[in-house]
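Beneath this line is the structure, given in structure tokens, with notes to follow.
Chains as they are written, first to last, in the working numbering: chain A, 56 to 168; chain B, -7 to 101.
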């Protein structure tokens, strides 16, 4: 069974540009989560999607947004990139319902110059 | 919000040694997971353990939910065990995981 996949593995952008990160969940998983791991700030929750709807959002500005497609894959968009957006962005998926294990993808390393 | 504290922050071991990593959390949780982050950044699931004890090879974990802590035991450590170990909790089932700051383990041969 394939795990969570993310693309691209690396992304280099300049300040002010937009970045789009993609995630495909494990087959059968309907929930997708996005996390940011920035140097010195640890792993922080960004967004949670389930059944195409945004269910929860972390403490991030509105320029961080995303969506979930009918096939449960997800996209994270970061507008008006700032230098401090440089980080490892991790996607996780889980089965629907409560108390389910989250499985993580390999991440996308975003560098903003 | 819920606080997750991991100790020790850093741990240096010789190959073959045993170790115990601790995770304290400040409120009731419905989900607790332990992860190992490899040098490439991938988070590898170790245990889903909101309560009780589980074992997987040289690793085992115990969560005492009533006392709000979890322990990860690594026995006969190997150099491949090096990396960062994270504890993460979900205070409300089906929402976000709140991560501790991690324990960085270095195992030398």
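All residues carry an ideal CB built from backbone N, CA and C; glycine is no exception.
Near-chain B residues of the region 130 to 158 of chain A (beta-carbon distance less than 9 Å), N- to C-terminal order: 143, 145, 147, 149, 151, 152, 153, 154, 155, 156, 157, 158
Does the beta-carbon of residue 65 of chain A have 16 or more other beta-carbons within 10 angstroms, so that it is buried, or is it exposed? As a working note, residue 65 of chain A is residue 10 in the first chain. Exposed.
- Message: Taking the beta carbon of residue 140 of chain A as the centre, do at least 16 other beta carbons fall within 10 Å, making it buried, or is it exposed?
- Response: Your numbering for residue 140 of chain A matches position 85 in the first chain. Residue 140 of chain A comes out buried.
Q) Can you check whether the CB of residue 51 of chain B is closer than 8 Å to the CB of residue 64 of chain B? A) Translated into the one-based positions of the second chain, residue 64 of chain B becomes position 72. Translated into the one-based positions of the second chain, residue 51 of chain B becomes position 59. Result yes, Cβ atoms of residue 64 of chain B and residue 51 of chain B sit closer than 8 Å.
(message) Quick check: the region 160 to 167 of chain A against the region 65 to 75 of chain B, are at least 3 beta-carbon pairs closer than 8 Å?
(response) no
Run through chain A and tell me which residues come within less than 7 Å of residue 35 of chain B, C-beta to C-beta.
The residue you call residue 35 of chain B lines up with position 43 of the second chain. By Cβ distance, chain A contributes 145, 159.
> Where residue 28 of chain B and residue 35 of chain B are concerned, what is the direct C-alpha to C-alpha distance, given to the nearest angstrom?
Replying inline: Locating residue 28 of chain B in the second chain gives position 36, where the first residue counts as 1. Locating residue 35 of chain B in the second chain gives position 43, where the first residue counts as 1. About 6 Å.
**OP:** In angstroms with no decimal places, state the Cα-to-Cα distance between residue 67 of chain A and residue 79 of chain B.
**Re:** On the first chain, residue 67 of chain A is found 12 positions in, with the first residue counted as 1. On the second chain, residue 79 of chain B is found 87 positions in, with the first residue counted as 1. The alpha-carbon atoms of residue 67 of chain A and residue 79 of chain B are separated by roughly 30 Å.
Review point. Do the CB positions of residue -6 of chain B and residue 18 of chain B come within less than 8 Å of each other?
Key: In the second chain, residue -6 of chain B corresponds to position 2, counting from 1. In the second chain, residue 18 of chain B corresponds to position 26, counting from 1. Against a cut-off of 8 Å, the Cβ pair of residue 18 of chain B and residue -6 of chain B comes out as a contact.
| message | Using the three-state DSSP reduction, which class does residue 108 of chain A fall into: helix, strand or coil? | response | Taking the first chain and counting its residues from 1, one reaches residue 108 of chain A at position 53. Residue 108 of chain A: strand per DSSP, three-state reduction.
**Request:** Could you please tell me which residues of the region 85 to 104 of chain A, in chain order, have their CB closer than 7 Å to any CB of chain B?
**Result:** 88, 97, 98, 100, 103
Inset, instruction - Could I get the ranges of all uninterrupted beta strand (DSSP E) runs contained in the region 19 to 91 of chain B, with 3 residues as the minimum, in chain order? - result: 23 to 29, 35 to 40, 44 to 48, 51 to 56, 61 to 66, 75 to 82
**Prompt:** Within 10 angstroms of its Cβ, does residue 80 of chain A collect 16 or more other Cβ (buried), or is it exposed?
**Reply:** Within the first chain, residue 80 of chain A is the residue found at index 25, counting from 1. Looking at its Cβ environment, which holds 16 or more other Cβ atoms inside 10 Å, residue 80 of chain A is buried.
If the cut is a Cβ gap below 8 Å, which residues of chain B does residue 113 of chain A touch?
Numbered from 1 along the first chain, position 58 holds the residue referred to as residue 113 of chain A. Going along chain B in sequence order, the residues near residue 113 of chain A (Cβ under 8 Å) are 88.
| request: Go ahead and pull the three-state DSSP assignment for residue 168 of chain A. | output: Sequence index remark: in the first chain, residue 168 of chain A carries index 113 (1-based). If DSSP states are grouped into helix, strand and coil, residue 168 of chain A belongs with coil.
inquiry  = With a threshold of 8 Å between beta carbons, is residue 105 of chain B in contact with chain A?
reply    = Look at the range of chain B in this structure, -7 to 101, and you will see that residue 105 of chain B is not part of it.
**Prompt:** So which residues of chain B does residue 162 of chain A contact, with C-beta pairs closer than 9 Å?
**Reply:** Counted from its first residue, the first chain places residue 162 of chain A at position 107. Under the 9 Å cutoff, chain B gives 32, 33, 34, 35.
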